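The structure under discussion appears below in the form of structure tokens.
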Amino acid sequence: MSCKPGEPCHEGVKRRRALAVLGLMAVIFLALSAASFVDSRGQVVPSTVSYAGHDAVAGKRVFQAYNCMGCHTIVGNGAYLGPDLTKLYGKVGPAWMEAFLPSAGSWPTNGAVRLQLQNKAVAADAGVDGLDAYLEKYPDAAERISRRGGHATQMPNLALSREEVGALIAFLKYTSQMDTEGWPPVPKVDGLRFPQAKPIPHAAQSTPATPASLSTGPAVPSSKVALGEELAKENGCTACHAPTKEKLVGPGWAGLYGSTVKLADNSTVVADDAYLTEKILKPDARVVAGYEAGVMPPFADILDADQVAAIVAYIRSLEGRKP
Amino acid sequence: MIRIEYETQRLSLRFFLVMLVLFFFQTAFGLMLAAQHIDPTLLAGTLNFNVIRTQHLNLAIFWVLCGFIGTILFVGPLLSKRELAAPWLIKVLFYALLAVVAWNLATQVLAQRGIAGWWMGQPLLQEGLEYLEAGRIADVVILIGFAILCYVVLRTFPPPSQWNEIHWGLGLGVLALTAVWVFGMFFVERIDLQEYFRWYVVHYWVEGVWEVIHISLVGFLLVLMFKADVKSVGYAVFWGVTLVWLSGLLGNAHHYFWVGTPEFWQFWGSLFSALEPLPLVFCFWHIYLDAHQDAKPVANVPAFAFLLGSVVLEQVGAGILGFTMTFALTNVWSHGTWVTASHAHLALFGTFGMLGLSAAYYVVPIMRGIEHFDQRAGRLAFWLVFTGMLGLGFAFAIGGTVQVFVYRTLGLDWFGGDVAPAMQTAKIMVPVFGFVFAVGVCLLVFDLLTLGHRRSAVFDVPEAMATAAAHAPVRWGRRLSGWETGLWLLAMWVFGGIITLGLLSFNLDTVRQGSPVFPYMMAGIGYPGLLLVTLLFIWRFLSSLETRSRVSVPLSAAPLPSSAGVV
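Here it is, written out as structure tokens:
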């Protein structure tokens, strides 16, 4: 406004002064930046964090490769379709994540988490020796299981390999250990008491959190097939296997019984009672073509012979079902 | 009406046309995202949310850049009084741009299968970092494209000793555009360090580079539209650029509150980024001054409407809504929620998108040699797009306020079961306003693409106006005084203050104990108030200009109807 046409403007002087102030700002900014990343600050770095033999840096690569930030936020940045993942590891623990990530399309149940705790490395990282202790140490995992367990999620199943799951957990272990200066704020109330927390209708009849309910509740299903269906749900089988022909993580069960299965070594086998029983108890004994060993956990220590027979009976009942 | 003085100015047209096509697809992707927010299983496994969102963000960047490049190519020769240097390089730039857009469309889908194309530790195909999702191959091509733009602009400009402020703004702008991009081209192991450098690109682009280019281009478009004095516009550009950089350089600190960087950033970020609206107020004031500098009618109403929209939404979206969440005590709540999406949509589309559309409405008729065109479609499109975007900002803001309460205060983190159902009303408002916006987009894309090729488009507007009007200005259309403009601006900031207090109130003990009354009330007053004042102000501003053209037609030497309105 002082710089009208015809009046002297001193533009050069003003430019130089503006540049000098800008330079001062830049110096302040760079000094603050340098102070932000000095070792003495004690901020955790990913190269020092590992989980069950997996590296947090490798996990960051997986995190980027799947563009997780395109739906979730991490340290608050990203998209707002799903929850923030920064502190998730500290809340739900490694076993819940191990159960969730390979079959993100459905929420883990008690059985699925218990299964992951069979793995010594997972249990050691969680610092507990059984499901009860785990759920006590990670109450958010218990809440997730009781409210959502066994139901469909809104996340698509991703093609995560065993290796990638471990690496991702290592990365999220790293972020959960980061000092984020008090963000996100810790709630001062129990949100579950508020009307906003009324679960969506179909989740209302979710499986109870107490592990004792596993297959021995008062309402034992009468038929073997119904028992098998119930067991398949409680032990997390349905997280990876659909009752249709659809492949989730493992093969769909409809039409599986009696079909001819091609194995990784190019031999074939008919999916009969003996084969399916073996697959449940020792899944890696014979790997099916197109699948990876180690994805399905062994159920030998979890299910007894009757329970396995019931699940096989259930799979058999799906033999002729159209998808 | 300005005619083309330099042949190479014609190269700008193709960038504007591509801009319109990309804008159309970006809007379509946005509608798909809105639908997926309501039903997240929609297209899941086929075209996941993150892939569509990546395109929504990247196309936004691409078409805004197209608008910048087109405008720079158009004004470059006028600023330099000579043809553009190396027109063949501009053609290379154009095809490189098309190739990068197509390449990025194809490679981003790989995120569904976790393929990043790792090579020597760098992701070649896509890298899954918000706004910088493009892989290293595309990054390098983009860097070359920026370098070409720098070369062309700097070679076209006269020697720096003859530069005025607009030259300085644009010259430094394109150089910084290129320099800052480099910081996004490395894989960083630490997430805090990665976010630190990611905001170098995102923040310094938007608040350092783009705003500088924006100020310079707005200044020069005002010179073109109103014959404003280059010197006085240059003065505004100088102070605009200086204030942008003085506040924006340290203002970047507002991105370093919670990403794992130390607490002291909260002080610097809260202080300096609170100053960031200053250059925007300055720009806002200048569009008022320049539009009222002569009392002549506006020849090209859509071009001016989008320019006004750009400056006003910059004030509201970037300035005011940015201000509300720039303090550590409010940002701790808004961070990572829809509240920020409200600011981002209004600021990014409003400021930069509308500038590109304004330039397109200014340039396309000139390129096609049309003296007058039927401006009704353009005006209608402006109102649809403008109200649609205000509505989107409102929906995101209200949804975000609910999200903060449910997610942060109550600590409910089940998005499918608790958070999304609580936000349901807002989630449905997004596609509703998005539809209004999309209709406007279709209309303006159609209008601009076919302008001059349709018979009906060549139409004499001033004639229709001259017959309709010539009566005294009504209250709503009376001349807009500086005082009144100041009052409108004050009203916007008052509502902005209410929003800020609403976000601040999440710290209150009553709210933290589970009572949402206070923040909901403040948001319920603040956001609709702010957005309605914005809507009314634009309406008031435009009708004041329209009345001016009506009364001045009979006064301006009673021209032949066909030449009325020619500036």
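If you read the sequences in order, they're chains A and B. Each number in the numbering used here corresponds to the 1-based position in the first sequence with 47 added. Each number in the numbering used here corresponds to the 1-based position in the second sequence with 540 added. By construction, the Cβ of each residue, glycine as well, lies at the ideal position given by its N, Cα and C atoms. Quantities reported herein were computed from a predicted structural model and do not represent experimental measurements.
Problem set entry | Identity of the residue in A/Ala336, A/Asn166, A/Ala103 and A/Met225 nearest A/Thr133 by Cα | Against the first sequence, residue 133 of chain A aligns to sequence position 86. Closest option to A/Thr133, Cα to Cα, is A/Met225.
For this session: Determine the DSSP secondary structure at B/Glu1003, reduced to helix, strand or coil.
Result: Counted from its first residue, the second sequence places residue 1003 of chain B at position 463. The pLDDT assigned to B/Glu1003 is 49, lower than 50, so where the model puts this residue is not dependable; a value taken from the coordinates is nonetheless given after this. B/Glu1003: helix per DSSP, three-state reduction.
Exercise. Using the rule of at least 16 other Cβ atoms within 10 Å of the residue's Cβ for burial, across every protein chain shown, is B/His993 buried or exposed?
Worked result: The sequence position of residue 993 of chain B within the second sequence is 453, counting from 1. Exposed is the label assigned to B/His993, since fewer than 16 other Cβ atoms lie within 10 Å of its Cβ.
For this session: Kindly indicate the opening and closing residues of the alpha helix (DSSP H) around B/Val752.
Result: Within the second sequence, residue 752 of chain B is the residue found at index 212, counting from 1. From DSSP, the alpha helix (DSSP H) with B/Val752 extends over Glu751 to Phe766.
For this session: Quick one: grab the DSSP three-state call for B/Ala899.
Result: Position 359 of the second sequence, counted from the start, is the residue given in the question as residue 899 of chain B. Per DSSP, reduced to three states, the secondary structure at B/Ala899 is helical.
Exercise. Who are the neighbours of A/Gln111 on chain B, taking C-beta pairs under 7 Å?
Worked result: On the first sequence, position 64 is the one that residue 111 of chain A refers to. Here the neighbours are Ala656, Pro663, Glu667, Gly668 and Leu669.
Exercise. Using a Cβ-Cβ distance under 8 Å, would A/Gly137 count as near chain B?
Worked result: The residue you call residue 137 of chain A lines up with position 90 of the first sequence. Not an interface residue.
Exercise. How about B/Pro1059 and B/Leu991: do their beta carbons lie closer than 8 Å?
Worked result: Position 519 of the second sequence, counted from the first residue, corresponds to residue 1059 of chain B. Position 451 of the second sequence, counted from the first residue, corresponds to residue 991 of chain B. No, Cβ-Cβ distance for B/Pro1059 and B/Leu991 is not below 8 Å.
Exercise. Taking the alpha-carbon positions, what's the B/Ala997 to B/Pro1056 distance?
Worked result: Looking up residue 997 of chain B in the second sequence gives position 457. Looking up residue 1056 of chain B in the second sequence gives position 516. Reliability of the predicted coordinates at B/Ala997 is poor, the pLDDT of 49 falling under 50, and the value obtained from them is presented with this limitation in mind. The straight-line gap from Cα to Cα measures roughly 53 Å.
For this session: Would you check if there are 3 or more beta carbon pairs closer than 8 Å linking the region 573–588 of chain B to the region 606–617 of chain B?
Result: Result no; under three Cβ-Cβ pairs closer than 8 Å.
For this session: Count the other C-beta atoms from every protein chain shown that fall within 10 angstroms of the C-beta of A/Met376, then say buried if there are 16 or more, exposed otherwise.
Result: There is no way to answer for residue 376 of chain A, as the model of chain A reaches only from 48 to 370.
Problem set entry | Contacts around A/Lys369, its chain only, beta-carbon distance under 6 Å, and the 5 residues preceding and following it disregarded | Working through the first sequence from its first residue, we reach residue 369 of chain A at position 322. Bear in mind that a pLDDT of 46 at A/Lys369, under 50, signals an unreliable position, so the number given afterwards is only what the model happens to contain. Taken in chain order, the list of residues that qualify is empty.
Exercise. Roughly how far, in whole angstroms, is the beta-carbon of A/Gly106 from the beta-carbon of A/Ser153, given that I think they are within contact range, below 8 Å?
Worked result: Against the first sequence, residue 106 of chain A aligns to sequence position 59. Against the first sequence, residue 153 of chain A aligns to sequence position 106. Contact doesn't hold; Cβ gap of about 23 Å is too wide.
Problem set entry | Helix, strand or coil at B/Ser882 according to DSSP, with G and I counted as helix | Working through the second sequence from its first residue, we reach residue 882 of chain B at position 342. Under the three-state reduction of DSSP output, B/Ser882 falls in the helix class.
Exercise. Buried or exposed: B/Asn598, going by 16 or more other Cβ atoms within 10 Å of its Cβ?
Worked result: Here residue 598 of chain B corresponds to residue number 58 of the second sequence, with the count starting at 1. Taking every protein chain shown into account, the CB of B/Asn598 has 16 or more other CB atoms within 10 angstroms, so this residue is buried.
Exercise. Would you say B/Phe602 faces chain A, with C-beta separation under 8 Å as the test?
Worked result: The residue labelled residue 602 of chain B in the question sits at position 62 within the second sequence. Residue-level contact by beta carbon fails for B/Phe602 and chain A, as no gap is shorter than 8 Å.
Exercise. Closest Cβ-Cβ distance between B/Leu888 and chain A: below 8 Å?
Worked result: Numbered from 1 along the second sequence, position 348 holds the residue referred to as residue 888 of chain B. Under the 8 Å criterion on CB atoms, B/Leu888 is classed as non-interfacial with respect to chain A.
Exercise. So what does DSSP say about A/Leu310, is it helix, strand or coil?
Worked result: What you label residue 310 of chain A is simply residue 263 of the first sequence in a count that begins at 1. Correct three-state label for A/Leu310: strand.
Exercise. DSSP on B/Pro961, reduced to helix/strand/coil?
Worked result: Here the question's residue 961 of chain B lines up with position 421 in the second sequence. Helix at B/Pro961.
Exercise. Taking DSSP as the reference, what is the three-state secondary structure of A/Ala256?
Worked result: Along the first sequence, one-based indexing puts residue 256 of chain A at 209. The predicted model places A/Ala256 with a pLDDT of 42, which falls under 50 and marks its position as unreliable; any figure quoted below should be read in that light. Residue state, collapsed to three classes: coil.
Exercise. B/Val972 CB to nearest chain A CB: under 8 Å?
Worked result: Here residue 972 of chain B is taken as the residue at index 432 of the second sequence, counted from 1. By this cut-off, B/Val972 is not an interface position.
For this session: Could you tell me which chain A residues have their CB closer than 8 Å to the CB of B/Gly585, listed as they occur along the chain?
Result: Your numbering for residue 585 of chain B matches position 45 in the second sequence. Within 8 Å Cβ-Cβ: Pro203 and Asn204.
Problem set entry | Where B/Phe934 falls, given that 16 or more other Cβ within 10 Å makes a residue buried | What you label residue 934 of chain B is simply residue 394 of the second sequence in a count that begins at 1. Label assigned to B/Phe934: buried.
Exercise. Using DSSP with H/G/I as helix, E/B as strand and the rest coil, what is B/Val838?
Worked result: Your numbering for residue 838 of chain B matches position 298 in the second sequence. The three-state reading of DSSP puts B/Val838 in coil, since its state is none of H, G, I, E or B.
Exercise. What's the C-alpha gap between A/Ile362 and A/Asp353?
Worked result: Position 315 of the first sequence, counting from 1, holds the residue named residue 362 of chain A. Position 306 of the first sequence, counting from 1, holds the residue named residue 353 of chain A. Their Cα atoms are separated by approximately 14 Å.
For this session: Could you name the residues of the region 873–900 of chain B whose beta carbon sits closer than 8 Å to any beta carbon of chain A, in the order they occur along the chain?
Result: Listed in sequence order: Trp873, His875, Gly876, Thr877, Trp878 and Ala881.
Problem set entry | A/Ile121 - partner residues in DSSP beta bridges | As a working note, residue 121 of chain A is residue 74 in the first sequence. According to DSSP, A/Ile121 bridges with A/Asn124.
Exercise. At least one CB of chain A closer than 8 Å to the CB of B/Met572: is that the case?
Worked result: Numbered from 1 along the second sequence, position 32 holds the residue referred to as residue 572 of chain B. False, the Cβ-Cβ gap to chain A never drops below 8 Å.
Exercise. Quick one: is B/Met1061 buried, meaning 16 or more other Cβ sit within 10 Å of its Cβ, or exposed?
Worked result: The residue labelled residue 1061 of chain B in the question sits at position 521 within the second sequence. Here B/Met1061 is exposed, its C-beta having fewer than 16 other C-beta atoms within 10 Å.
Exercise. For B/Gln666, which three-state DSSP category applies?
Worked result: Here residue 666 of chain B corresponds to residue number 126 of the second sequence, with the count starting at 1. Judged by DSSP in its simplified three-state form, B/Gln666 adopts strand.
Problem set entry | Interface residues of the region 793–804 of chain B facing chain A [CB-CB below 9 Å] | Of all residues in the region 793–804 of chain B, Ala793, His795, Tyr796, Phe797, Trp798, Val799, Gly800, Thr801, Pro802, Glu803 and Phe804 have a Cβ within less than 9 Å of some Cβ in chain A.
Exercise. Along the chain, which unbroken stretches of the alpha helix (DSSP H) at least 4 residues long are found entirely within the region 916–976 of chain B?
Worked result: Runs of the alpha helix (DSSP H) inside the region 916–976 of chain B: 916–943.
Problem set entry | Presumed contact (8 Å Cβ cut-off) between A/Gly372 and A/Ala159, rounded CB distance | Because chain A in this structure spans residues 48 to 370, residue 372 of chain A falls outside the shown range and cannot be described.
Problem set entry | Where B/Ala584 falls: helix, strand or coil (DSSP) | Locating residue 584 of chain B in the second sequence gives position 44, where the first residue counts as 1. Of the three classes helix, strand and coil, the one that applies to B/Ala584 here is coil, per DSSP.
For this session: Could I get the ranges of all uninterrupted alpha helix (DSSP H) runs contained in the region 850–883 of chain B, with 4 residues as the minimum, in chain order?
Result: For the region 850–883 of chain B, the continuous alpha helix (DSSP H) assignments of 4+ residues that do not extend past its boundaries occur at 861–864 and 868–874, in sequence order.
Problem set entry | Rounded separation between A/Ser260 and A/Ala188 - CA only | The residue given as residue 260 of chain A occupies position 213 in the first sequence. The residue given as residue 188 of chain A occupies position 141 in the first sequence. Residue confidence for A/Ser260 is low, a pLDDT of 40 falling below 50, so the modelled location carries little weight; the figure read from the coordinates is stated next. For A/Ser260 and A/Ala188, the gap between their C-alpha atoms comes out near 17 Å.
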